[in-house]
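Letter by letter, the sequence shown follows residues 100 to 411 in our numbering. Input: a single structure, listed below in structure tokens.
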Amino acid sequence: MSAGTDRLGRVFPGEAAGAGPSPDPASGAVRPDPADAGLDAPESIPVRPLGFRELLDLPFALIQPQIAALAATTGLVLAVAEGIVLAVTAAGSAATGGSDAGTAWSAILATVVCGGALRFVVRAVTVPIGLARVRQRPIGIRPALALISGRFGALLNLQVRYTVVGLGVLALGTPLLITLPPALVWLGWLRARQFTAVPVLFEEGGPAAVAVRRAKTLSAGAQWRLARLSWTLRLVSLLLMPPLIGLMYFVSSISGTHRWPIIALAVATVLILLALVEMVESAARVLAYVDRRCRREAWDVRLPGAALEGVR
100 MSAGTDRLGR
110 VFPGEAAGAG
120 PSPDPASGAV
130 RPDPADAGLD
140 APESIPVRPL
150 GFRELLDLPF
160 ALIQPQIAAL
170 AATTGLVLAV
180 AEGIVLAVTA
190 AGSAATGGSD
200 AGTAWSAILA
210 TVVCGGALRF
220 VVRAVTVPIG
230 LARVRQRPIG
240 IRPALALISG
250 RFGALLNLQV
260 RYTVVGLGVL
270 ALGTPLLITL
280 PPALVWLGWL
290 RARQFTAVPV
300 LFEEGGPAAV
310 AVRRAKTLSA
320 GAQWRLARLS
330 WTLRLVSLLL
340 MPPLIGLMYF
350 VSSISGTHRW
360 PIIALAVATV
370 LILLALVEMV
380 ESAARVLAYV
390 DRRCRREAWD
400 VRLPGAALEG
410 VR
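In structure tokens:
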């Protein structure tokens, strides 16, 4: 029995958090502690059951080493989305004779569609990069894009399911104001059942329907915990709104309160907020996947070498 493990080979929480070696969930080989590389080494992502506070804190540690690549990719997609929104808004304004209502609705609908596409791309890039970090085999944007290309259809299927469920629940709860809060709570529970579907898709493969069933199995008994995690992360992300709105007003005070600069700044603010929220939540999906597999399947347990030899 090696130091830091019990008779079953389970890694002690303190050791998995960075105080010593922890096993690779795929091969069972002991991985070196990243802390040995010095104070500048990225924070280790423990492979063990995670507490709620860890699920809130570790998403930022998960994406921090790759933040430059993620920011560059997100910024490029965001710029394209901004251009599309402005083009659609200009077309809608021209089609309605420049009316305020036509311009506003064109901007809102285009922002909703392009915002959904932006979130799709951010989620698809962040999840494989996060899973690679958990395995301590970091990958860049190009390998992540290669993984996405092989799963694009399934990812799109998951996105359609996600959107249809959301629209259906909101359609049921919106007609009466009193039914909207229960509908939002129900929607949170439904989405919590599929919270780990994208990590399952990248880690275990298979079609979207299989990934959804697998995610529901992993989330069994923890739906409210995962829903609370998603709600909390989104509330924390709302703290980014005041500085973004303040920046928008600052820039508008320089450029002047003209119609199109204000529209462009407002759209950019919304898209930036959506991208940041999705990046953090996607990292949390990876950590929730690790947590649920450890709790349900003992993913953090490896057979000692002697026991393996006995099996052979």
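Just so it is clear, CB atoms sit at the ideal spot from N, CA and C, and this is done for glycine as well. Just so you know, these numbers come straight off a predicted model, no measurement behind them.
Cβ shell of residue i (< 7 Å), same chain only, five flanking positions each side left out
i: Arg313; result: Val299, Glu303
i: Leu372; result: Leu339, Met340, Leu343
i: Thr225; result: Ile162, Leu169, Met378, Ser381, Ala382
Nearest-angstrom Cα separation, counted from residue j out to residue i
i: Ile162; j: Gly229; result: 7 Å
i: Arg327; j: Ser198; result: 42 Å
i: Ile362; j: Thr210; result: 11 Å
i: Phe151; j: Met378; result: 19 Å
i: Leu370; j: Leu317; result: 31 Å
i: Ala382; j: Gly196; result: 44 Å
i: Asp399; j: Cys393; result: 6 Å
i: Phe219; j: Glu396; result: 29 Å
i: Cys213; j: His357; result: 23 Å
i: Leu255; j: Gly239; result: 22 Å
i: Arg234; j: Pro227; result: 11 Å
i: Arg74; j: Val297; result: Since the first residue shown for the chain is 100 and the last is 411, residue 74 is missing from the structure and cannot be characterised.
i: Ala319; j: Ala310; result: 14 Å
i: Ala200; j: Thr188; result: 11 Å
i: Ala245; j: Phe301; result: 11 Å
i: Leu149; j: Ala387; result: 8 Å
i: Asp390; j: Glu153; result: 10 Å
i: Pro158; j: Val146; result: 14 Å
i: Ala180; j: Ser336; result: 21 Å
i: Thr269; j: Trp330; result: Correcting the residue type first, residue 269 is Leu in the shown sequence and not Thr. Leu269 and Trp330: Cα-Cα distance of roughly 17 Å.
i: Val366; j: Leu334; result: 20 Å
i: Leu364; j: Ile183; result: 14 Å
i: Arg260; j: Arg222; result: 15 Å
i: Ala171; j: Gln258; result: 23 Å
i: Arg324; j: Ala308; result: 23 Å
Helix, strand or coil at residue i [DSSP, three-state]
i: Arg392; result: helix
i: Val146; result: coil
i: Asp132; result: Note that Asp132 scores a pLDDT of 49, beneath 50, so its modelled location is shaky; the value from the coordinates is reported in the next line. Three-state DSSP puts Asp132 in coil, outside helix and strand.
Where residue i falls, given that 16 or more other Cβ within 10 Å makes a residue buried
i: Ala194; result: exposed
i: Phe349; result: exposed
i: Gly252; result: exposed
i: Arg292; result: buried
i: Ser248; result: exposed
i: Arg241; result: exposed
i: Thr295; result: buried
i: Thr273; result: exposed
i: Leu275; result: exposed
i: Val176; result: buried
i: Ala374; result: buried
Contact set for residue i: own chain, Cβ-Cβ below 8 Å, skip 5 residues either direction
i: Gly265; result: Leu286, Arg290
i: Leu271; result: Thr278, Ala282
i: Leu332; result: Leu155, Pro158, Val376, Val379, Glu380, Ala383
Nonlocal neighbours in the same chain, by C-beta distance under 6 Å from residue i, ignoring five residues either side
i: Pro237; result: Ala231
i: Thr368; result: Leu343, Met347
i: Lys315; result: Arg292
i: Trp288; result: Gln322, Ala326
i: Gly191; result: Gly201, Ser205
i: Ala243; result: Val224, Pro227, Ile228
**Study point:** Segments of 4+ residues assigned as alpha helix (DSSP H) that fall wholly inside the segment 149 to 234
**Key:** Listed in chain order, the alpha helix (DSSP H) elements of length 4 or more contained wholly in the segment 149 to 234 are 151 to 162, 166 to 194, 199 to 233.
Exercise for review: Give, in chain order, every unbroken run of the alpha helix (DSSP H) that is at least 4 residues long and sits entirely within the segment 249 to 304.
Suggested key: Whole alpha helix (DSSP H) segments, 4+ residues: 279 to 292, 296 to 303.
Exercise for review: Tell me the start and end of each unbroken alpha helix (DSSP H) in the segment 345 to 381 that is at least 4 residues and wholly inside, in chain order.
Suggested key: Fully enclosed alpha helix (DSSP H) runs of 4 or longer: not present.
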